[in-house]
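A short worksheet on the structure shown next.
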Amino acid sequence: MGENESGVPSPSQQDKKMAYHKVNADQRAQGHSPYLDSDDLQATALDLEWDMEKELEEPGFDHFRLDGAIQRHLGHSQSPDLDLEPIQPSSSPKGRFQRLQEDPDYVSHYMRQTPKSNRCSFFQILKVFCTALIVFIFGIVIGYYTRKKCPSPPTSQEPNNPHLYHEILKEIKAENIQQIYRDLLRSPREDDVDIAMKILVQWTSQGLEDVRLVNYSVLLDLPGSSSNTVTLKNSGECFYPSGQRCNRETKMLHSQDLLYSYAAYSAKGALEAELVDVQYGTVEDLIRIQATTNVTKKIALLKLGQSPLLYKLSLLEDAGFGGVLLYIDPCDLPKTTDLADKAFMVSLNSGGDPSTPGYASIGKKIISLNIQSVTTYKTISNVIGYLKGTVFPDRYVVIGSHHSSLNTYGGQEWASSTAVITAFLQALMLKVKKGWTPDRTIVFCSWGGTSFGNIGSYEWAEDLKRVLQRNVVAYVSLHNPVRGNTTLHPVASPSLQQLAAESQSSNCVEKTRCPGSNVSSVQIQGDSDYFINHLGVPAMQFSYEDIKTSENSSFLSEALFPVHTTKPEELDPSFSLHETIAKLTGQVTLQIASEPVLPFNALDIALEVQNSLKGDDIDIPQLLALASQLRDTAELFQSDEMRPANDPKERAPIRVRMLNDVLQSLEKSFLVHRAPPGLYRNILYRLDERTSQFSVLLEAREHCKLHLSNETMQAALSEVLNSISLAQAYFKAGLDVFESTFAGKK
Numbered sequence: 015m016g017e018n019e020s021g022v023p024s025p026s027q028q029d030k031k032m033a034y035h036k037v038n039a040d041q042r043a044q045g046h047s048p049y050l051d052s053d054d055l056q057a058t059a060l061d062l063e064w065d066m067e068k069e070l071e072e073p074g075f076d077h078f079r080l081d082g083a084i085q086r087h088l089g090h091s092q093s094p095d096l097d098l099e100p101i102q103p104s105s106s107p108k109g110r111f112q113r114l115q116e117d118p119d120y121v122s123h124y125m126r127q128t129p130k131s132n133r134c135s136f137f138q139i140l141k142v143f144c145t146a147l148i149v150f151i152f153g154i155v156i157g158y159y160t161r162k163k164c165p166s167p168p169t170s171q172e173p174n175n176p177h178l179y180h181e182i183l184k185e186i187k188a189e190n191i192q193q194i195y196r197d198l199l200r201s202p203r204e205d206d207v208d209i210a211m212k213i214l215v216q217w218t219s220q221g222l223e224d225v226r227l228v229n230y231s232v233l234l235d236l237p238g239s240s241s242n243t244v245t246l247k248n249s250g251e252c253f254y255p256s257g258q259r260c261n262r263e264t265k266m267l268h269s270q271d272l273l274y275s276y277a278a279y280s281a282k283g284a285l286e287a288e289l290v291d292v293q294y295g296t297v298e299d300l301i302r303i304q305a306t307t308n309v310t311k312k313i314a315l316l317k318l319g320q321s322p323l324l325y326k327l328s329l330l331e332d333a334g335f336g337g338v339l340l341y342i343d344p345c346d347l348p349k350t351t352d353l354a355d356k357a358f359m360v361s362l363n364s365g366g367d368p369s370t371p372g373y374a375s376i377g378k379k380i381i382s383l384n385i386q387s388v389t390t391y392k393t394i395s396n397v398i399g400y401l402k403g404t405v406f407p408d409r410y411v412v413i414g415s416h417h418s419s420l421n422t423y424g425g426q427e428w429a430s431s432t433a434v435i436t437a438f439l440q441a442l443m444l445k446v447k448k449g450w451t452p453d454r455t456i457v458f459c460s461w462g463g464t465s466f467g468n469i470g471s472y473e474w475a476e477d478l479k480r481v482l483q484r485n486v487v488a489y490v491s492l493h494n495p496v497r498g499n500t501t502l503h504p505v506a507s508p509s510l511q512q513l514a515a516e517s518q519s520s521n522c523v524e525k526t527r528c529p530g531s532n533v534s535s536v537q538i539q540g541d542s543d544y545f546i547n548h549l550g551v552p553a554m555q556f557s558y559e560d561i562k563t564s565e566n567s568s569f570l571s572e573a574l575f576p577v578h579t580t581k582p583e584e585l586d587p588s589f590s591l592h593e594t595i596a597k598l599t600g601q602v603t604l605q606i607a608s609e610p611v612l613p614f615n616a617l618d619i620a621l622e623v624q625n626s627l628k629g630d631d632i633d634i635p636q637l638l639a640l641a642s643q644l645r646d647t648a649e650l651f652q653s654d655e656m657r658p659a660n661d662p663k664e665r666a667p668i669r670v671r672m673l674n675d676v677l678q679s680l681e682k683s684f685l686v687h688r689a690p691p692g693l694y695r696n697i698l699y700r701l702d703e704r705t706s707q708f709s710v711l712l713e714a715r716e717h718c719k720l721h722l723s724n725e726t727m728q729a730a731l732s733e734v735l736n737s738i739s740l741a742q743a744y745f746k747a748g749l750d751v752f753e754s755t756f757a758g759k760k
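If you count by this note's numbering, then the sequence shown holds residues 15 to 760, one letter each, in order.
Below, the structure is given as structure tokens:
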């Protein structure tokens, strides 16, 4: 038997529906064809135009009317009024979208006519002078007292100010993060709600005024009163999932750890069958095994790693296996970690509360799996804090960490995540107390229920889906920021890769080995999942990891250990790595929240699409031609719209608002209708660093090998083609709206 085993019997039909066949509630409109025809393209363009026109009618833009225009009733808007007074343009005969400067051709309407005669008496002059002097003095007095009573209008903040960001980030210090970390762990182990309350008190004490505790009663699958066991039928020997023999001494010494070795949301009960070694459960492994063995109702001995667990389980179920015995190969673990013979937990929940979805054989070895766990409703809590923006308060930059879940899976890593976000908040509020505020609202989130399928973030986002779809511009993740100490691992959406790369050059603390780290778009663990795959929000994450020992080390983080042998304080004694992560995260958050134009790169998305279609396996002329068109349109958009908007002389507020709304939704086109379990719906993210092509196409090709049919491949190609077509239509519609609006056709 291998080490670190967890039994996973075949789920029942109901369990399968709850576990890894959960239906996505936010799929595209019903009846939508997998193929995108010309009508769809036209509809996409019209929808974007309608959105842009609606933005023009929102409160906050009414002061751009020409002189003498009649005030119209604007009705109700879902977005709060926008305070754009500091960047209000001058009106002129040339149009209301003029540059933000005084019009040289403007002629005052109040110029006096030239007097017919220049002859006037001394007394008339004296009378006029005295009257003017009295009025002038009276005006000064009124103005003085008026200024004392009335607050001055907000002044325009200096855009793109690196000095301002430096002033905030310099307050983030390693010793502060370490102190916050220790304060979080000072109390005895508490449940989710207690720790959430502690975080709420911390954030409130820093000066964040709007902090809320959001509770959900959710269905959790917890360890039972006794451990899972594996029994060899021939000898009758009994083993715990960790590989230790079932005896009284082992149970007394390791009783708590033994309970933690299980698969949450697995089917319960006993299963007796032949054990079949399937290695990593790849398509090649299954083809080889099925050629010589009937695997129906048998138990697969499966290694964790190489690809997502939910995807491998779906392949094994499809092949006919009745259960799975899961373990980690010690050769795949980083050399700096010692997790041999340690119990671990995995979750078969694809995301959110399962009770509310949408809202090579080793011989004839017969074993018996006995799986016990308890499904019950528990309360989990999210801590949500808002720092309201002054220019675009209805646009949100979400930054998320997570706190201790029930049973403290992940050891002390949650405190590391929470300490980093709290240290950034602490530094930020020092500047806020001096009168500074960001342009966009920053939403600080500490999620609960992360270990059981990112339940806290899913429930919050599902509850506020309509608002978040419209308002969230980016998600910055702090999930497990220091999981090793050898290399920095930045992950970002294609549109944010350039920002992530630039932030590294200015915020790397000495001796933290972060310069030159490549930024990639790969699948990551944590609460960014819903924002990436259901909302299409650009996301970013910085973390430190250990160098992987093999290509199969990917997705090992799906195994959650109750207590790490290497604690964050051992990985980073000086907390300098934590400081670097906090500053990198803070830098990108500040830029996204405060730059007049969102620092997103449209062209990088098109380049990512082209790179994902390279290779001999994909030679579809229509697909390649469409990707080339997308690149051309993105280049035009980058030069014609992004460049003028980044020039303060050309930066009309209405143009900025419209441009930002286009940039905000660039990645939403790439959410495919459905994806295999464990694979991202957002096809811009690759499976891991080893692969460069679209994950759905790679999986479809593997599926064809297994089932000797190209039906899946045709469906996947249709999904990819549809996504690129939608993106092309969206980019083109954005250009058309700008052209027609500023040509005076609207």
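By construction, the Cβ of each residue, glycine as well, lies at the ideal position given by its N, Cα and C atoms.
This structure is a prediction, so every number in the text was calculated from the model and none was measured.
DSSP three-state assignment for residue i, whether helix, strand or coil
| i | result |
| --- | --- |
| Lys-719 | helix |
| Ala-553 | strand |
| Ser-732 | helix |
| Arg-645 | helix |
| Asp-408 | strand |
| Leu-383 | strand |
| Thr-500 | coil |
| Asp-291 | strand |
| Ala-689 | coil |
| Asp-765 | The first residue shown for the chain is 15 and the last is 760, placing residue 765 beyond what the model contains. |
| Lys-392 | strand |
| Ser-567 | helix |
| Gly-414 | strand |
| Gly-399 | strand |
| Ile-634 | coil |
| Tyr-744 | helix |
| Leu-285 | strand |
| Ala-506 | strand |
| Arg-704 | coil |
| Thr-599 | helix |
| Tyr-276 | strand |
| Leu-574 | strand |
| Ser-364 | coil |
| Asn-625 | helix |
Per-residue burial, residue i [other beta carbons within 10 Å of its own, 16 or more giving buried]
| i | result |
| --- | --- |
| Leu-711 | buried |
| Asp-560 | buried |
| Arg-226 | exposed |
| His-721 | exposed |
| Glu-713 | buried |
| Glu-753 | exposed |
| Asn-615 | buried |
| Asn-261 | exposed |
| Asn-308 | exposed |
| Gly-336 | buried |
| Lys-491 | Here residue 491 is Ser; the residue named in the question, Lys, does not match the sequence. The residue in question, Ser-491, is buried, as its Cβ has 16 or more Cβ neighbours within 10 Å. |
Nearest-angstrom Cβ-Cβ length linking residue i and residue j, presumed shorter than 8 Å
| i | j | result |
| --- | --- | --- |
| Glu-593 | Ile-191 | 6 Å |
| Val-611 | Val-670 | 6 Å |
| Tyr-341 | Gln-320 | No, Tyr-341 and Gln-320 are not in contact; Cβ-Cβ is about 14 Å, not under 8 Å. |
Any C-beta of chain D under 8 Å from that of residue i
| i | result |
| --- | --- |
| Pro-452 | No chain D appears in this structure, which consists of one protein chain only. |
(request) Examine the Cβ distances between the region 391–398 and the region 175–183 and report whether three or more of them are shorter than 8 Å. (result) no
(request) For the region 445–453 and the region 194–213, state whether three or more C-beta atom pairs, one from each stretch, are separated by less than 8 Å. (result) no
(message) With a threshold of 8 Å, are at least 3 pairs of Cβ atoms found where one atom belongs to the region 473–489 and the other to the region 429–448?
(response) no
(message) Pairs of beta-carbons, one from the region 601–609 and one from the region 353–372, closer than 8 Å: are there three or more?
(response) no
(request) Report yes or no: do the region 278–290 and the region 380–388 share at least 3 C-beta pairs separated by less than 8 Å? (result) yes
(request) Count the C-beta pairs between the region 638–655 and the region 612–627 that are closer than 8 Å, then say yes if the count reaches three, no if not. (result) yes
(request) Kindly provide the ranges of any beta strand (DSSP E) runs that are 3 or more residues long and lie completely inside the region 309–346, ordered along the chain. (result) 313–317 and 337–341
(request) Inspect the CB distances between the region 718–734 and the region 666–677 and report whether three or more fall short of 8 Å. (result) no
(message) For the pair the region 468–480 and the region 539–558, tell me if three or more CB-CB distances fall below 8 Å.
(response) yes
(message) If we require 3 or more residues per run, which beta strand (DSSP E) segments fall completely within the region 171–259?
(response) 224–237 and 243–246
(message) Under 8 Å, with one C-beta from each stretch per pair, do the region 242–260 and the region 457–465 reach the 3-pair mark?
(response) Because the criterion of three Cβ pairs below 8 Å is not met, the region 242–260 and the region 457–465 do not touch.
(request) Run through the region 454–493 for me and flag every whole beta strand (DSSP E) of 3 or more residues, listed as ranges in chain order. (result) 454–461 and 486–491
(message) So, does the region 533–543 touch the region 691–699, judging by three or more C-beta pairs under 8 Å?
(response) At 8 Å Cβ cutoff, the stretches touch.
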